[in-house]
Each structure stands twice: as structure tokens, then as C-alpha cells.
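Next up, the structure:
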């Protein structure tokens with residue numbers, strides 16, 4: 001399915017990533033932030049991106065974030081492992097970022113992980129390695145990817161305009177007084193409609209032989225819940241106020257040769273979930 005990928009570098013990515021992010025915040029497109037951490041399942045990234053080629057560039061914009069370890073799986077080793085710069089030629093890909101501090105920061109300048117947070121409607125980490133999972137659950141922010149997760153704003157409250165707010169969701173155009181039962185219920189419904197999710201697809205080959213505590217199927221409130229084995233059978237994290245969703249790994253023969261349940265789910269399943277969450281229709 002994967003078409004040949006050239007090493008041509010999209011001129012758009014030569015622009016300041018910060019400048020292009022700012023310019024595209026309100027472009028009317030669905031914004032997908034697609035990230036990979038250090039697992040051999042990173043080689044499925046081109047397939048995932050190619051699957052969105054059926055959507056016009058006026059409808060969908062994709063930005064890719066790679067950890068240093070993930071980049072080792074995309075160095076032109078084979079047809080299914082194009083170079084990182086080659087990813088930029090795939091449909092709807094507007095930028096590929098691996099490092100936040102490409103140039104020294106100056107006062108008044110933008111901060112890439114914050115701008116990515118503001119830009120993204122959905123963050124998908126596929127694959128999520130055991131190492132990055134441990135960092136996220138521990139609150140680490142030592143890379144561009146973990147910094148984005150740490151700064152994630154599921155309800156858009158950090159960037160919301162200041163001033164008095166009225167909730168018109170529950171009762172048409174009528175103003176609902178905050179603090180009342182009607183106001184609380186209406187605000188809750190509104191929050192759930194506009195929430196921005198993080199979806200992760202763990203790929204942990206290390207779990208093939210000796211598996212530690214299982215991750216939550218879909219964590220209830222945030223990344224920290226992923227590390228709680230007692231929560232593994234809780235309802236979907238996409239329900240209610242949940243915003244951190246985990247797509248459980250599958251059992252198969254892993255790249256290392258071991259048999260276990262640490263393999264990332266099939267990439268077409270990930271694509272289906274993304275389409276549903278973003279409401280994409282070809």
C-alpha cells in the first residue's frame with residue numbers, strides 16, 4: 001500500500017515551524033499531531049500517514065513529532081523505512097519536528113511544545129514505547145514529545161479568552177448562570193464536546209517475556225492512570241471527562257523474536273480511531 005517516498009523536502013517545512021504553526025491555528029482544518037517514540041513499530045508511521053491521503057489538504061493537516069530513538073527506525077534502510085525528510089512529501093504532512101530547541105530561545109519568542117499544544121486537535125502517539133510511557137506517567141518533560149504531553153490542555157482552558165463566560169450549550173441561546181445545576185450540567189456537556197484527546201498505542205517488546213503491571217485500557221483522567229494495573233478493566237477513558245485513551249497492545253511474535261502481548265495494535269485500527277475522534281469523512 002505504501003507508495004514510494006522521495007527524499008524531497010517540502011518547502012513549507014523550511015519555514016520556521018513556530019511561524020507556520022501560528023499562521024495555521026485557525027485555518028479551519030482538522031489538526032492531527034502524530035508522534036512516535038522508540039519502537040520498531042515506528043516503521044508503520046508512513047502507512048498511517050498514507051491512509052489519510054484520501055482527505056484533501058484543505059480538510060486535514062498533519063504534523064509529526066519523533067523522539068531521537070524513533071528517528072533511528074526511519075533512516076532510509078528500506079522501502080518501508082523512508083528518511084525523516086521523506087515523510088514531508090507524504091500527503092497532508094506540513095512539518096516534521098524532532099527537536100524543540102533548533103535555535104537559542106530569546107525573550108518574546110515562541111515555545112514549540114506550547115504552540116503544538118495550541119495547534120493540535122488530537123495527539124496520537126503510535127507507537128508509545130515502554131520508556132516514553134514511564135516518562136509520561138512520571139511527569140517527565142525531557143523531550144519535545146513529553147513536553148507536549150506535560151503541557152496538554154484537554155479543555156482549551158489555558159488558551160481560552162478571558163472575561164465572563166456564558167454557557168449556551170444546554171438551552172439554545174439562553175444564558176445559563178454558572179454555579180447552578182443547569183449551568184454545571186451545560187458546562188460539562190460543552191467540555192465533553194470540545195475536549196482534545198491524547199491517544200496512545202503502546203508497543204513494548206520488553207513485555208514479551210516478563211510483563212509488569214498492565215496499562216489501563218483507556219485511562220480515566222490522564223496519563224498517570226496508565227500505570228495503575230487495578231484500573232485495567234475500567235470503562236473507556238473516552239467517556240465522561242476522560243481524555244487519555246490507550247489502545248491496548250496485541251499478542252503476537254514480536255520483532256525481537258519473542259512471543260508476547262507487547263505488540264502495537266494493527267495500524268489500520270489506529271487510523272479508524274483517529275478518523276472517528278476527528279470526525280473525518282472522505
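Residue numbers (full-length UniProt numbering): 1 to 282.
Heads up, the beta-carbon is just placed ideally off N, CA and C, and yes, glycines get one too.
What is the rounded straight-line gap between the Cα of residue i and the Cα of residue j?
| i | j | result |
| --- | --- | --- |
| residue 23 | residue 261 | 42 Å |
| residue 18 | residue 112 | 6 Å |
| residue 30 | residue 245 | 19 Å |
| residue 55 | residue 200 | 23 Å |
| residue 278 | residue 49 | 15 Å |
| residue 282 | residue 134 | 37 Å |
| residue 158 | residue 142 | 22 Å |
| residue 304 | residue 86 | There is simply no residue 304 to check, as the chain begins at 1 and stops at 282 in what is shown. |
| residue 106 | residue 43 | 36 Å |
| residue 100 | residue 241 | 30 Å |
| residue 227 | residue 139 | Residue confidence is low: residue 227 scores 45 on pLDDT, short of 50, so the model does not pin down where it sits. Its coordinate-derived value is still stated next. If you take the alpha carbons of residue 227 and residue 139, they lie about 12 Å apart. |
| residue 88 | residue 94 | 7 Å |
| residue 75 | residue 102 | 20 Å |
| residue 152 | residue 84 | 25 Å |
| residue 269 | residue 32 | 16 Å |
| residue 123 | residue 156 | 14 Å |
| residue 70 | residue 82 | 13 Å |
| residue 204 | residue 68 | 17 Å |
| residue 78 | residue 62 | 23 Å |
Quick one: residues in its chain with C-beta nearer than 6 Å to the C-beta of residue i, no 5 flanking neighbours on either side, listed in chain order?
| i | result |
| --- | --- |
| residue 53 | 91 |
| residue 243 | 154, 195, 197 |
| residue 66 | 36, 98 |
| residue 132 | 37 |
| residue 51 | 271 |
| residue 21 | 115, 119 |
| residue 251 | 261 |
In the DSSP assignment, find the beta strand (DSSP E) that holds residue i and state where it starts and stops.
| i | result |
| --- | --- |
| residue 63 | 60-66 |
| residue 249 | No beta strand (DSSP E) contains residue 249, which DSSP labels as neither H nor E. |
| residue 127 | 122-128 |
| residue 202 | 197-202 |
| residue 34 | 30-36 |
Give me the residue from the options with the minimum Cα distance to residue i.
| i | options | result |
| --- | --- | --- |
| residue 119 | 27, 264, 268 | 27 |
| residue 202 | 36, 32, 21, 73 | 36 |
| residue 146 | 154, 136, 153, 155 | 136 |
| residue 127 | 34, 102, 81 | 34 |
| residue 73 | 41, 60, 51 | 41 |
| residue 264 | 152, 144, 130 | 130 |
| residue 274 | 121, 20, 251 | 121 |
Counting only the same chain and skipping the five closest in sequence on each side, list residues whose C-beta sits under 8 Å from that of residue i.
| i | result |
| --- | --- |
| residue 109 | 18 |
In terms of residue numbering, what span does the alpha helix (DSSP H) encompassing residue i cover?
| i | result |
| --- | --- |
| residue 154 | Careful: residue 154 lies outside any alpha helix (DSSP H) and carries neither H nor E. |
| residue 40 | Run containing residue 40: none; DSSP gives neither H nor E here. |
| residue 141 | Counting along the chain, residue 141 falls outside any alpha helix (DSSP H), and DSSP gives it neither H nor E. |
| residue 280 | Careful: residue 280 lies outside any alpha helix (DSSP H) and carries neither H nor E. |
| residue 115 | 112-119 |
Check the Cβ-Cβ distances between residue i and every residue of chain B, and say whether any is below 8 Å.
| i | result |
| --- | --- |
| residue 57 | The structure shown has no chain B; it contains just one protein chain. |
Got a sec? Which residues, its chain only, sit under 7 Å from residue i by beta carbon, not counting five neighbours each side?
| i | result |
| --- | --- |
| residue 280 | 30, 55, 60 |
| residue 117 | 148, 151, 152, 153 |
What ranges does the beta strand (DSSP E) occupy inside the stretch 45-106, keeping only unbroken runs of at least 3 residues that lie completely in it? 60-66, 75-78, 81-83, 93-97
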